[in-house]
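Chains as they are written, first to last, in my numbering: chain A, 1 to 202; chain B, 203 to 570; chain C, 571 to 861. Note that beta-carbon positions come from the ideal geometry of N, C-alpha and C, so glycine has one too.
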Amino acid sequence: MTTFAELPAGFADKVLSAQTTFRSVMDAMARPGSVHCITSAAGTPPGMMRGTAAIALTLFDHDTPLWLDPRMSEASEVAKWLKFHTSAPVVSDPSICSFALIANAEELPELDRFSFGTNEYPDRSTTLILQVESLREGLAFELRGPGIDGTAVLQARIEPLDLFARLAINAALFPRGIDVVLVADDAIVAIPRTTRLVAEGD
Amino acid sequence: MYVAVKGGERAIENAHRLLAHERRGDRDVAEVSLAQISEQLSLGVDRVMTEGSLYDRELAALAIKQARGDMIEAIFLVRAFRATLPRFGATEPVDTGKMEVRRRISATFKDIPGGQILGPTFDYTHRLLDPQLAEGAVPEWPATSEAPSTAMPRVTDILGRDGLIEPAPRADADTPVGDLTREPLSFPADRDLRLQNLARADEGFLLALGYSSQRGYGRNHPFAGEIRLGEVEVEFLAEDVGFAVPLGPITLTECQMVNQFKGSATEAPCFTRGYGLAFGHSERKTMSMALVDRTLRARELGEEVLAPAQDEEFVMSHSDNVQATGFVEHLKLPHYVDFQSELGLLRKLRKEFGDNAQGSPPMQEAAE
Amino acid sequence: MNAPTYNFAYLDEQTKRMIRRAILKAIAIPGYQVPFASREMPMPYGWGTGGVQVTAAILGHDDVLKVISDDTTNAISIRKFFAKTAGVATTTSTADATVIQTRHRIPESTLHAGQVLVYQVPIPEPLRFLEPRETETRRMHALGEYGLMHVKLYEDIARFGHIATSYAYPVKVNARYVMDPSPTPKFDNPKMDNCAALQLFGAGREKRIYAIPPHTSVVSLDFEDHPFTRYRFDAPCALCGADESYLDEIVTDDKGGRMFVCSDTDYCETRQSQGHRGSESAAPHKERAHG
């Protein structure tokens with residue numbers, strides 16, 4: 001059993017790393033579809049990608065209930081690491097979570113299990129952190145929306161294959177909606193609820 | 203030739219230097235010490251601690267000195283400092299029933315178990331300026347006697363035993379206590395957030411609102427069930443040892459108001475409560491707080507909201523004097539850009555007014 | 571008594587996290603005011619604490635900070651605050667800045683993708699003066715029900731012949747939320763539309779953060795028969811001759827003497843260094859609609 005002393009470390013320089021990681025996530029959210037690289041170093045428990053770990057150390061704390069998908073939950077070090085470094089409470093009900101960590105993207109639950117916020121408080125919604133295969137090669141997704149000058153093309157290997165079809169619900173429910181951060185190792189791409197898929201191809 | 207105004211930085215530095223000089227005053231006059239402020243202006247220190255929301259006499263005294271006696275400025279200093287402090291968690295609720303009481307009065311009964319203890323109060327003094335206090339007066343030592351061993355049950359508990367007063371409103375034990383310094387306030391707000399807001403609120407604002415309720419703006423026939431002043435122990439639950447560790451005593455003033463009886467088709471009428479609590483010796487504050495606590499309960503007690511003191515959003519949005527003074531005083535900042543826009547619009551409108559008066563058609567807008 | 575030590579950019583990490591999360595949701599919902607638990611800052615509420623908290627949450631070692639209006643006491647005070655608590659480089663040059671905190675103006679020079687513009691906002695709620703209750707305005711935003719605002723604007727037209735709002739002119743963002751752009755002159759509104767930079771808005775006392783992502787539509791409210799127009803004094807800048815910039819009026823004597831100079835001093839000085847000159851004479855009191 002891993003003791004706390006043996007757990008992978010958090011950020012070496014908490015203040016600096018949290019700031020640079022945040023700027024990457026902020027820029028990613030402000031310019032959907034663009035790829036950003038997380039440069040801050042942190043220990044990562046098995047099952048968690050470097051980008052996910054950095055985002056967790058930057059944004060999670062006592063006030064952010066977390067939902068872990070079965071694969072993340074099964075990785076025992078992940079829960080311990082999260083508790084030690086972030087104190088974020090892990091909840092079993094995804095409809096009340098601030099962040100959902102998905103290690104097995106193929107088995108992503110139906111989006112309506114998460115929180116979409118309310119019309120009065122659309123900000124009280126889940127942010128999905130989805131670990132995927134690649135954000136540099138794969139299918140071409142043409143995107144438009146706030147943050148994008150005209151259209152942008154994201155090349156990625158993403159699961160579930162119908163992710164963007166599922167996210168189309170954001171258009172119907174706006175301002176309520178789900179915001180997504182895709183992570184592939186240390187690369188991240190953000191898809192806020194305002195982003196729309198124009199076309200998909202090879 | 204016109205040269206744009208520069209040198210703002212040097213102006214600020216010189217202003218700070220001048221402020222420090224004026225703060226010190228005549229250098230032949232002895233400097234006031236923090237101990238003197240804490241001991242001899244103690245009620246001022248109590249107010250700064252209460253509205254600054256931080257129990258530390260020395261820091262509050264320093265704030266008063268740095269603020270040159272401006273209480274709201276001092277409260278601001280304490281709040282800004284408080285915002286930088288790490289939080290360990292919440293203490294156990296203090297038990298004012300176990301207070302080491304130095305003053306305890308009730309207006310509802312002539313005599314009560316434990317008795318009426320006047321304590322150190324201005325109440326029955328004659329407000330005549332006393333020149334003997336100007337310098338060198340040495341007050342007599344107070345009379346002493348054995349401390350009575352009789353218990354001092356709360357008046358509200360005495361009334362409660364016969365069901366004459368509503369039970370203290372209980373929050374859901376599983377719901378965490380709200381904290382408006384950590385989450386943004388939204389309306390309607392529950393009583394825990396309302397009481398926190400009132401505890402930090404400007405004494406003058408609450409005083410006026412409480413007074414207005416007595417004069418008919420949301421009247422609910424208050425009686426001072428009990429006011430008590432004294433020391434209580436603060437305890438913190440240390441998770442690793444599994445029990446509550448005492449941190450030390452603090453001085454608190456508590457006021458329980460007993461208010462108009464209510465009833466419904468299904469419940470017999472009984473008195474209702476208003477509650478006030480403050481650091482140090484702060485009677486005016488706790489009494490006003492208790493009055494406004496009660497008026498703000500209008501919604502949950504099914505009373506019509508007609509008066510400002512009953513208007514939750516109005517009271518809670520304007521009770522914080524640090525916020526209020528910030529915004530009022532921000533009018534001193536340069537506003538020439540927006541003023542310029544208004545000037546332009548005004549000149550245009552005046553010209554059109556003049557044209558119309560002379561019978562000429564209004565100027566066409568040369569839009570591009 | 572122990573002297574307090576302060577974290578980088580003053581705010582503790584827990585506060586920064588809370589503000590950072592609010593910023594991310596604000597970007598995902600353009601124009602929507604995200605509530606946040608504003609902290610007491612060492613400067614008073616109403617003096618830019620919202621902008622300061624947003625800047626403090628995003629600022630890093632490599633940033634270069636500009637605070638508008640550069641040479642006023644308030645901007646100097648804020649700039650010194652960040653120089654002291656973050657050790658960050660500061661500048662008066664718009665082109666060199668990566669983070670620009672502003673009160674009341676948008677720079678004349680076009681902003682680019684590497685920049686963030688942080689606005690100080692006193693009253694974030696565009697409907698506040700029409701409806702004082704937060705519970706009501708929140709409902710209006712939830713339903714996209716902005717009839718109250720349109721009625722007010724139309725009443726202005728009926729009474730004055732135009733919309734009588736000259737600054738903090740309300741806009742519609744991403745065709746959904748009506749937003750208060752902060753007390754910038756309406757002359758500046760078009761700069762917010764399809765801007766290459768990220769725009770963040772902080773209201774400390776009112777405890778709201780909102781955002782406009784880059785390349786997002788921002789449209790000033792108007793009517794078909796009374797379209798939005800910008801107004802500017804009909805004169806070139808007395809120092810640099812610019813006739814496209816917003817002008818400050820300087821009173822030069824007590825006999826009605828006036829001159830008009832660029833409000834954006836960096837823009838004006840850059841133009842002067844490029845050889846442009848103005849007349850340095852007082853301009854006529856005439857206002858001209860500017861496209």
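{"query": "Sequence-distant residues of its chain with Cβ nearer than 6 angstroms to G10(A) (five each side left out)", "result": "A42, L57 and H85"}
{"query": "Burial state of W617(C), where buried means 16 or more other Cβ atoms lie within 10 Å", "result": "buried"}
{"query": "7 angstroms Cβ shell around K83(A) - same chain, five flanking residues per side excluded", "result": "none"}
{"query": "Residues within the region 209-224 of chain B neighbouring chain C, beta-carbon criterion of under 7 angstroms", "result": "G210, E211, A213 and I214"}
{"query": "Rounded straight-line distance, which links the Cα of L697(C) to that of D750(C)", "result": "9 angstroms"}
{"query": "Interface flag, K14(A) vs chain C, CB-CB below 9 angstroms", "result": "yes"}
{"query": "Chain C residues whose Cβ lies nearer than 7 angstroms to that of Q458(B)", "result": "By Cβ distance, chain C contributes nothing, its closest Cβ being about 30 angstroms from Q458(B), past 7 angstroms."}
{"query": "4-residue-minimum alpha helix (DSSP H) runs that sit fully inside the region 505-534 of chain B, ordered along the chain", "result": "514-520 and 523-531"}
{"query": "For R176(A), three-class secondary structure by DSSP", "result": "coil"}
{"query": "Rounded distance between the beta-carbons of K586(C) and A653(C), thought under 8 angstroms", "result": "So it is not a contact: roughly 19 angstroms between Cβ atoms."}
{"query": "Closest by C-alpha distance to D272(B), when choosing among S415(B), E368(B) and V250(B)", "result": "V250(B)"}
{"query": "Neighbour flag for H785(C) against chain A, beta carbons, 9 angstroms", "result": "yes"}
{"query": "Proximal residues to G246(B) (C-beta, below 7 angstroms), its chain only, five neighbours per side dropped", "result": "I266 and M273"}
{"query": "Cross-chain neighbours of Y780(C) in chain B, by beta carbon under 9 angstroms", "result": "Those do not exist, as Y780(C) stays about 13 angstroms from chain B at its closest Cβ, beyond 9 angstroms."}
{"query": "Alpha-carbon spacing of S115(A) relative to P612(C), whole angstroms", "result": "36 angstroms"}
{"query": "Cβ-based neighbour list, R196(A), same chain, cut-off 6 angstroms, excluding 5 preceding and 5 following", "result": "R144 and G145"}
{"query": "Residues that Y602(C) contacts on chain A, provided the C-beta gap is smaller than 9 angstroms", "result": "P122, D123 and P175"}
{"query": "In chain order, each alpha helix (DSSP H) run of at least 4 residues that lies wholly inside the region 116-197 of chain A", "result": "163-167 and 169-173"}
{"query": "Three or more C-beta pairs below 8 angstroms linking the region 658-671 of chain C and the region 340-353 of chain B", "result": "no"}
{"query": "Integer-rounded CB distance, given that L817(C) should sit under 8 angstroms from S833(C)", "result": "6 angstroms"}
{"query": "Classification of R225(B) by the beta-carbon crowding that lies within 10 angstroms, buried from 16 upward", "result": "exposed"}
{"query": "Beta-carbon contacts of A140(A) that lie in its chain and below 6 angstroms, excluding the five residues immediately before and after", "result": "V153, Q155 and G201"}
{"query": "Complete beta strand (DSSP E) runs within the region 813-843 of chain C (minimum length 3 residues, chain order)", "result": "817-821 and 828-832"}
{"query": "Minimum Cβ-Cβ distance from Q560(B) to chain C less than 9 angstroms", "result": "no"}
{"query": "Chain B contacts from the region 674-689 of chain C (Cβ-Cβ distance under 8 angstroms)", "result": "H674 and R675"}
{"query": "Cβ pair G621(C), I782(C) closer than 9 angstroms", "result": "no"}
{"query": "Partner residues on chain D for A598(C), Cβ-Cβ distance less than 9 angstroms", "result": "The chain labelled as chain D is not found among the protein chains of the depicted structure, namely A, B and C."}
{"query": "Exposure label - D325(B); buried when at least 16 CB within 10 Å", "result": "exposed"}
{"query": "Neighbour-count burial assignment, A517(B), 16 or more Cβ in a 10 Å radius", "result": "It should be pointed out that residue 517(B) corresponds to Val in this sequence rather than to Ala. When all chains shown are included, V517(B) counts as buried."}
{"query": "Beta-carbon contacts of K856(C) that lie in its chain and below 6 angstroms, excluding the five residues immediately before and after", "result": "Low local confidence applies: a pLDDT of 46 at K856(C) is under 50, so the model's placement there is unreliable, with the coordinate-based value given in what follows. If we look at K856(C) and ignore the five residues flanking it on each side, its Cβ neighbours are D804."}
{"query": "Terminal residues of the beta strand (DSSP E) in which L479(B) lies", "result": "C472 to F481"}
{"query": "Per-residue burial, Q242(B) [other beta carbons within 10 Å of its own, 16 or more giving buried]", "result": "exposed"}
{"query": "Option in N119(A), G117(A) and R166(A) with minimal Cα separation from P109(A)", "result": "R166(A)"}
{"query": "Terminal residues of the beta strand (DSSP E) in which N461(B) lies", "result": "F445 to K464"}
{"query": "Own chain residues within Cβ distance below 6 angstroms of G254(B), not counting five before or after", "result": "I277, V280 and R281"}
{"query": "Presumed contact (8 angstroms Cβ cut-off) between T488(B) and S415(B), rounded CB distance", "result": "Actually they do not touch by this definition, with Cβ atoms about 15 angstroms apart."}
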